[in-house]
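Beneath this line is the structure, given in structure tokens, with notes to follow.
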DNA sequence: CGGCAGCTTGATTGCTGTCAAAACAGGTGG
DNA sequence: CCACCTGTTTTGACAGCAATCAAGCTGCCG
């Protein structure tokens, strides 16, 4: 866990800074925790760049990844002042930490926080659909499409980065690591994607992938 | 869709009115829609009493129930001004409709809305855990426990009302109606619950039920 | 009484989880 | 540079849970 500040991470797009807070964001290396499940919630965090994941642990050390946050997303919202999940950077991240007072003081920022919280709620509800109605293949395809969208790769063919591990994907989609692997290789044999390396997916046919993702809403 | 004001619904508990808005709530009969998926979002709604459910439909008419709202919960939050799900009363409900201006004007109400939105987000994330990590039996047990909690039945033995249909439960828990039925009768044979009528569950042993619900967080 | 909708029960299939082992990548030290 | 080690990913074999299809059952209402 050496805290080397690696600045050669590849920012595929410029974070849309709608508001410039007082403090400039801090750079967090990959796999750095922001807060832990059970911590008192003192701050809000706004992601400027990079990927943060939040997860929840159960007694038997089972894990549910509740979301991946990218540029523009907020973290640390809670109804009771206690963090319900742990947040940890997946990649190197630029993150702004905001106090409650700072939010209160800034009407516009407050509005943005509320809107983003609503968005996260919608995404969580979409996820409920994914978890219950989609097959394993559809889940994996949908996950890749989501990543592509977040990386603004709207072209029909694109390389996307998978910074998280297979286990992370499994814990997000609610399936076993083996099934994730199998479905990925299945997509590969179908010529829809290529897997040049473990953390890179080349999408040959975005249209086909989206069909397989079964976006039926 | 006759708006008859039926006042003989059974209020099992007094709604905790933390804030008294300008308008008194309106009574909505059961199965009355508040808004539909795709509608522009003009208002927020605050539930005073009764049960409202929200759901999302897919092209192939599959349905995911995203939540059941009871006294104190808000509806109508959205990130883009469009409703992402449909809200419909399950029972007769008392509901306050609030404009955005009214929320803006009232600092305290605004705070309450935000807190409740965070709570809904947490609940949605808890639901993700339930959907992925729990077996069918655990899901059904957990659902009954949730209902008992909302109906403030904290005693070890209690009658709880199941106002929604088996299909609703299935669409909430992400399983088939047959499995819901089977798991309920399994709980009955285990003497943990009784099923005096279709919409009433008698809990014989809340402790056992909670164990079966597998609350491992 | 008949009809209908919702619910329960039964039989069967198949997807996905589990266990197990092999392949692979990345890092370390000789 | 190679051998080795370790953790991750892939592949394989198998079992089990829950979905599906299908048939009865119950309560309700005309």
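Protein chains in written order, with the numbering used here: chain G, 259 to 475; chain E, 259 to 475.
Ideal Cβ positions, reconstructed from N, Cα and C, are used throughout, including at glycine.
Please list the partners that residue i has in chain G, where partner means a Cβ-to-Cβ separation under 8 Å.
{"i": "residue 386/E", "result": "322, 324, 382, 385, 386, 389 and 432"}
Are the C-beta of residue i and some C-beta of chain G separated by less than 7 Å?
{"i": "residue 423/E", "result": "no"}
{"i": "residue 437/E", "result": "no"}
{"i": "residue 447/E", "result": "no"}
{"i": "residue 299/E", "result": "no"}
{"i": "residue 474/E", "result": "yes"}
{"i": "residue 469/E", "result": "no"}
{"i": "residue 287/E", "result": "no"}
Going by the beta-carbon positions, is the gap between residue i and residue j smaller than 7 Å?
{"i": "residue 427/E", "j": "residue 459/E", "result": "no"}
{"i": "residue 385/E", "j": "residue 386/G", "result": "yes"}
{"i": "residue 313/G", "j": "residue 306/G", "result": "no"}
{"i": "residue 481/G", "j": "residue 424/G", "result": "The structure shown does not extend to residue 481/G, since chain G is modelled only from 259 through 475, so no value can be given for it."}
{"i": "residue 309/G", "j": "residue 345/G", "result": "no"}
{"i": "residue 298/E", "j": "residue 349/E", "result": "no"}
{"i": "residue 377/G", "j": "residue 332/G", "result": "no"}
{"i": "residue 361/E", "j": "residue 369/E", "result": "no"}
{"i": "residue 398/E", "j": "residue 283/E", "result": "no"}
{"i": "residue 441/G", "j": "residue 394/G", "result": "yes"}
{"i": "residue 432/G", "j": "residue 390/E", "result": "yes"}
{"i": "residue 303/E", "j": "residue 316/E", "result": "no"}
{"i": "residue 408/E", "j": "residue 328/E", "result": "yes"}
{"i": "residue 471/E", "j": "residue 396/E", "result": "yes"}
Cβ of residue i less than 7 Å from any chain E Cβ?
{"i": "residue 378/G", "result": "yes"}
{"i": "residue 392/G", "result": "no"}
{"i": "residue 318/G", "result": "yes"}
{"i": "residue 372/G", "result": "yes"}
{"i": "residue 342/G", "result": "yes"}
{"i": "residue 269/G", "result": "Legend: pLDDT at residue 269/G = 42, less than 50; position of this residue unreliable, value from coordinates given subsequently. No, residue 269/G does not count as interfacial toward chain E."}
For residue i, return the contacting residues in chain E, with the cut-off set at a CB-CB distance below 9 Å.
{"i": "residue 311/G", "result": "Within chain E, no residue comes near residue 311/G; the closest Cβ sits about 13 Å away, beyond 9 Å."}
{"i": "residue 314/G", "result": "383, 384, 386, 387 and 475"}
Could you list which residues in chain G have their beta carbon closer than 9 Å to that of residue i, in chain order?
{"i": "residue 395/E", "result": "What residue 395/E touches in chain G: nothing, since even the nearest Cβ is about 16 Å away."}
Could you list which residues in chain E have their beta carbon closer than 7 Å to that of residue i, in chain order?
{"i": "residue 347/G", "result": "Simply none; closest approach about 19 Å."}
Just the chain E side, please: which residues come within less than 8 Å of residue i by C-beta, in chain order?
{"i": "residue 336/G", "result": "376 and 380"}
Where in the region 424-461 of chain G do unbroken runs of the beta strand (DSSP E), each at least 3 residues long, occur, reported from the N-terminal end onward?
451-455 and 458-461
What ranges does the beta strand (DSSP E) occupy inside the region 285-318 of chain G, keeping only unbroken runs of at least 3 residues that lie completely in it?
291-293, 301-307 and 310-315
Along the chain, which unbroken stretches of the alpha helix (DSSP H) at least 4 residues long are found entirely within the region 310-365 of chain E?
358-363
Which ranges does the alpha helix (DSSP H) cover as unbroken runs of at least 4 residues, wholly within the region 393-426 of chain E, from first to last along the chain?
List check, alpha helix (DSSP H) in window: 394-408.
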